[in-house]
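Student: The structure follows.
2 protein chains.
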Amino acid sequence: MNLMDIYQELKDDIHVIEQELFRSIDSHYPLIEEAASHLLKAGGKRIRPVFVLLGGKSGVYDIERLKHVAVALELIHMATLVHDDVIDDAETRRGKPTVKAKWDNRVAMYTGDFIFAQALSRITRLSDPRVHQILSKAIVDMCVGEIEQIQALYQWNQSLKTYFMRIKRKTALLMAISCQLGGLVCNAPEPVVRALYRYGYYVGMAFQITDDILDFTGSEKQLGKPAGSDLRQGNITLPVLASFRNPAIRDAIINEFKSGSPDMPKIINLIKQSGGIHVAKTIAQRYLEKARRSLEDLQSVYSKKTFIQITDFIEQRTY
Amino acid sequence: MNLMDIYQELKDDIHVIEQELFRSIDSHYPLIEEAASHLLKAGGKRIRPVFVLLGGKSGVYDIERLKHVAVALELIHMATLVHDDVIDDAETRRGKPTVKAKWDNRVAMYTGDFIFAQALSRITRLSDPRVHQILSKAIVDMCVGEIEQIQALYQWNQSLKTYFMRIKRKTALLMAISCQLGGLVCNAPEPVVRALYRYGYYVGMAFQITDDILDFTGSEKQLGKPAGSDLRQGNITLPVLASFRNPAIRDAIINEFKSGSPDMPKIINLIKQSGGIHVAKTIAQRYLEKARRSLEDLQSVYSKKTFIQITDFIEQRTY
Chain Y
0 MNLMDIYQEL KDDIHVIEQE LFRSIDSHYP LIEEAASHLL KAGGKRIRPV
50 FVLLGGKSGV YDIERLKHVA VALELIHMAT LVHDDVIDDA ETRRGKPTVK
100 AKWDNRVAMY TGDFIFAQAL SRITRLSDPR VHQILSKAIV DMCVGEIEQI
150 QALYQWNQSL KTYFMRIKRK TALLMAISCQ LGGLVCNAPE PVVRALYRYG
200 YYVGMAFQIT DDILDFTGSE KQLGKPAGSD LRQGNITLPV LASFRNPAIR
250 DAIINEFKSG SPDMPKIINL IKQSGGIHVA KTIAQRYLEK ARRSLEDLQS
300 VYSKKTFIQI TDFIEQRTY
Chain X
0 MNLMDIYQEL KDDIHVIEQE LFRSIDSHYP LIEEAASHLL KAGGKRIRPV
50 FVLLGGKSGV YDIERLKHVA VALELIHMAT LVHDDVIDDA ETRRGKPTVK
100 AKWDNRVAMY TGDFIFAQAL SRITRLSDPR VHQILSKAIV DMCVGEIEQI
150 QALYQWNQSL KTYFMRIKRK TALLMAISCQ LGGLVCNAPE PVVRALYRYG
200 YYVGMAFQIT DDILDFTGSE KQLGKPAGSD LRQGNITLPV LASFRNPAIR
250 DAIINEFKSG SPDMPKIINL IKQSGGIHVA KTIAQRYLEK ARRSLEDLQS
300 VYSKKTFIQI TDFIEQRTY
């Protein structure tokens, strides 16, 4: 089963959103359009828009309102990808050259700003001040998360708590408010909106942990970059932190980095041997369980069923 | 006369805004705070907040509403400064080391994003959807302007129209909406709000042209960077474009750049000899005249008087 099969029933509405996404980056300026549509065409899972739509199913489903939220959230996600590429010195994303690699850092930064601004412009079509407040607060938190992530690079002594806080800001928060805002703009009952937020949060945490596991277990072909790239760039994720419970492995890994030219295949093996991957998988599964339990309060049979399928998909995903 | 003398009557309200600006960047994260407050402490003319307050004088002046607009607009201005520093590889701004130079590009980019997000968060305190629409549309345009500016670097054949469009997006637009939104949130009559917008736009155009002139006529000490820095970095401004009316001077300047190591003092002299500075000054003065004429519809004697003083200040400014 792949994600698009799960979304089948939402196909027409996703198509509407896809068109609006392209319209949003239609600036009449060739450089911007090329840079932004380049990213848009690279695709992506469109999980956030789907979460918005599914959230809406718990209220009085209204695609005319939902589409603005969905487009805004996907654009915000895209803007962060563009800015992450500037940071990461990433040369490819989703197997395609990044905006940064194809043009340069400056254009990438302003393309990110532009996409971000379009997201905000889009959300002004909704007058409910709660939407703007939730969104802007989340964006502030996401920015804090990005700066924290820089600060945490190569910080071998960071706590698990730091890691969880970081991935909340980096990934889970936007997924949480995707579900939440979908419910909110369709006037779903308050406890349901809260349950939607929780679902998005838990599933987002699991999603990011899975990403962090795949960085070690995936092949270069699947990942579109060499395995261990996150750690190579100083990003210390859950499998690494879990492996550090074994002091010998911790020392061996840190020493590899201190040498100046870390042997990544060796480090990846150490992490695998340590059981760090297994620990991370267990934690991801616990989040997925919590996500499933959050769905109990939902009334919409369709959205409950679909959210469960998405949860299962994230549990099994290998790319 | 300096700007702060002009603002005397607004002193208390500017103080409120200054405090709120500091509160806005109070993130409890040392790195962000240091990076952002560093910029905040460097000061600046706070022209945009003053424009907001003066705009408010044309309606039912309400500092509780005006302060949110003023803080948001100044934060947006600051965010663009931070991102410009990433672009410009600038090592100093207002004589102090830039965020970029002191930390690095990545932190600068996300600090800009953070300040920007705080601006948006701040503006959600106002529920009038027109405010959000005007603001988000302006931000989109500003981002387009930034990308256009990159595209226009070293484009010797660009038209005057391109230049004027660029400085509108870069500078005049934010000043225009500062005046406009001040009037709008205090319920000034519609024709007055439009006049306020026009004033801000015209004065903003003159302000940027003056900046572009000073880049050639100022001393390194006044500018905080060597004279001719804009052109050195490929930014072709009005004095340069005006000097190109003389084909011999045009060829001489372009040839200097083609040589790979342009002799900036020589180029600056060529531009001065060409009369390019004089042409630019004349055009700036025309904009200032239009700005003054826009004030005719204003009812508030105080704001009219103050706007005129600011216009005179911009006419005479040498730094």
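Protein chains in written order, with numbering that gives the first Met the number 0: chain Y, 0 to 318; chain X, 0 to 318.
Don't be surprised by glycine CBs; every beta carbon is placed ideally from N, CA and C.
All values reported here derive from a predicted model rather than from experimental measurement.
1. Would the beta-carbon of X/Pro-183 fall within 8 Å of that of X/Val-130?
2. Straight-line CA distance for X/Ala-35 to Y/Ile-24?
3. Terminal residues of the continuous alpha helix (DSSP H) containing Y/Arg-165?
4. Which same chain residues, not among the five before or five after X/Tyr-198, have their C-beta less than 7 Å away from its C-beta?
5. Nearest-angstrom Cα distance between X/Ser-242 and Y/Gly-203?
6. Are there 16 or more other CB atoms within 10 angstroms of the CB of X/His-14, so buried, or fewer, so exposed?
7. Output needed for X/Leu-195: all residues of its chain with C-beta closer than 6 Å, excluding positions within five of it in sequence on either side, in chain order.
8. Can you confirm whether the stretch 298 to 316 of chain Y touches the stretch 56 to 64 of chain Y when touching is taken to mean that 3 or more C-beta pairs between the two stretches lie within less than 8 Å?
9. Please report whether the beta-carbon of Y/Lys-160 lies at a distance below 8 Å from any beta-carbon of chain X.
10. Got a sec? Which residues, its chain only, sit under 7 Å from X/Ala-175 by beta carbon, not counting five neighbours each side?
11. Report the three-state DSSP secondary structure of X/Gln-154 (helix, strand or coil).
12. Just curious, the alpha helix (DSSP H) that Y/Glu-295 is in, first and last residue?
13. Nearest by alpha-carbon distance to X/His-82: which of X/Tyr-60, X/Ala-69, X/Glu-145, X/Pro-128 is it?
14. Check whether chain X comes within 8 Å of Y/Ile-31, counting only Cβ atoms and requiring the distance to be less than that.
15. Contact defined as beta carbons within less than 8 Å: I believe X/Asp-12 pairs with X/Leu-52. What is the distance between those atoms, to the nearest angstrom?
16. Within this structure, are the beta carbons of X/Leu-172 and X/Ala-137 separated by less than 8 Å?
17. Are the C-beta atoms of Y/Ile-146 and some chain X residue less than 8 Å apart?
18. Please determine, among X/His-67, X/Leu-134, X/Thr-161, the residue with the shortest C-alpha to C-alpha distance to X/Leu-125.
19. For the stretch 113 to 124 of chain Y, which residues have a beta carbon sitting closer than 7 Å to at least one beta carbon of chain X?
20. Using 10 angstroms around the beta-carbon of X/Asn-104, count the other beta-carbons present and answer buried if the total reaches 16, otherwise exposed.
21. Using a threshold of 8 Å, state whether the C-beta atoms of Y/Ile-335 and X/Val-106 are closer than that.
22. Which same chain residues, not among the five before or five after Y/Leu-240, have their C-beta less than 7 Å away from its C-beta?
23. Report buried or exposed for X/Tyr-22, applying the criterion of at least 16 other Cβ atoms within 10 angstroms of its Cβ.
24. For Y/Pro-29, which option in Y/Thr-110, Y/Phe-50, Y/Thr-79 has the closest C-alpha, if you only look at C-alpha atoms?
25. Relative to the C-alpha of X/Ser-135, which candidate in Y/Val-139, Y/Trp-155, Y/Lys-224, Y/Asp-112 has its C-alpha closest?
26. 8 Å is my cut-off, CB to CB: does X/Met-77 come that close to chain Y?
27. Are X/Gly-227 and X/Asp-210 closer than 8 Å when you measure CB to CB?
28. Where does X/His-76 land, buried or exposed, given buried means 16+ other C-beta within 10 angstroms?
29. Can you give the beta carbon distance from Y/Met-108 to X/Met-108, rounded, assuming they're within the 8 Å contact cut?
30. Hey, how far is the Cα of Y/Leu-237 from the Cα of X/Leu-287?
31. Reducing DSSP to helix, strand and coil, say where X/His-27 ends up.
32. Starting from Y/Tyr-200, find everything on chain X with Cβ-Cβ shorter than 9 Å and list it in chain order.
33. Suppose the cutoff is 7 Å on Cβ atoms and the five residues either side in sequence are ignored; what does the same chain contact list for Y/Ile-276 look like?
34. Straight-line CA distance for X/Gln-356 to Y/Asp-229?
35. Once you ignore the five residues that flank Y/Ala-187 on each side, which residues in its own chain have a CB closer than 6 Å to its CB?
Tutor: The answer reads as follows:
1. According to the sequence provided, residue 183 of chain X is Leu. The question's Pro does not apply to it. Yes, they are a contact pair.
2. 30 Å
3. Bounds of the alpha helix (DSSP H) holding Y/Arg-165 are 159 to 166.
4. Cys-178, Ala-290, Ser-293, Leu-294, Phe-306
5. 58 Å
6. exposed
7. If we look at X/Leu-195 and ignore the five residues flanking it on each side, its Cβ neighbours are Gly-54, Cys-178, Gln-179, Gly-182.
8. yes
9. no
10. Tyr-196, Gly-199, Tyr-200, Gly-203
11. Of the three classes helix, strand and coil, the one that applies to X/Gln-154 here is coil, per DSSP.
12. Unbroken run through Y/Glu-295: none, as it is neither H nor E.
13. X/Glu-145
14. yes
15. 6 Å
16. yes
17. yes
18. X/His-67
19. Phe-113, Ala-116, Gln-117, Leu-119, Ser-120, Thr-123
20. Classification for X/Asn-104: buried.
21. For residue 335 of chain Y there is no data in the structure shown, the boundaries of chain Y being 0 and 318.
22. Once the five neighbours on either side are set aside, the close Cβ partners of Y/Leu-240 are Leu-159, Tyr-162.
23. The residue you asked about is not Tyr; residue 22 of chain X is Arg in the sequence shown. Exposed.
24. Considering only alpha carbons, the answer is Y/Thr-110.
25. Y/Asp-112
26. no
27. no
28. That one is buried.
29. 6 Å
30. 60 Å
31. Look at X/His-27 here: in three-state DSSP terms it is coil, with no helix or strand label.
32. Neighbours of Y/Tyr-200 on chain X: none; closest Cβ ~20 Å, over 9 Å.
33. Ile-212, Phe-215, Thr-216, Pro-238, Ile-270
34. Outside the shown range of chain X (0 to 318) lies residue 356 of chain X, about which nothing can therefore be said.
35. Ser-57, Gly-58
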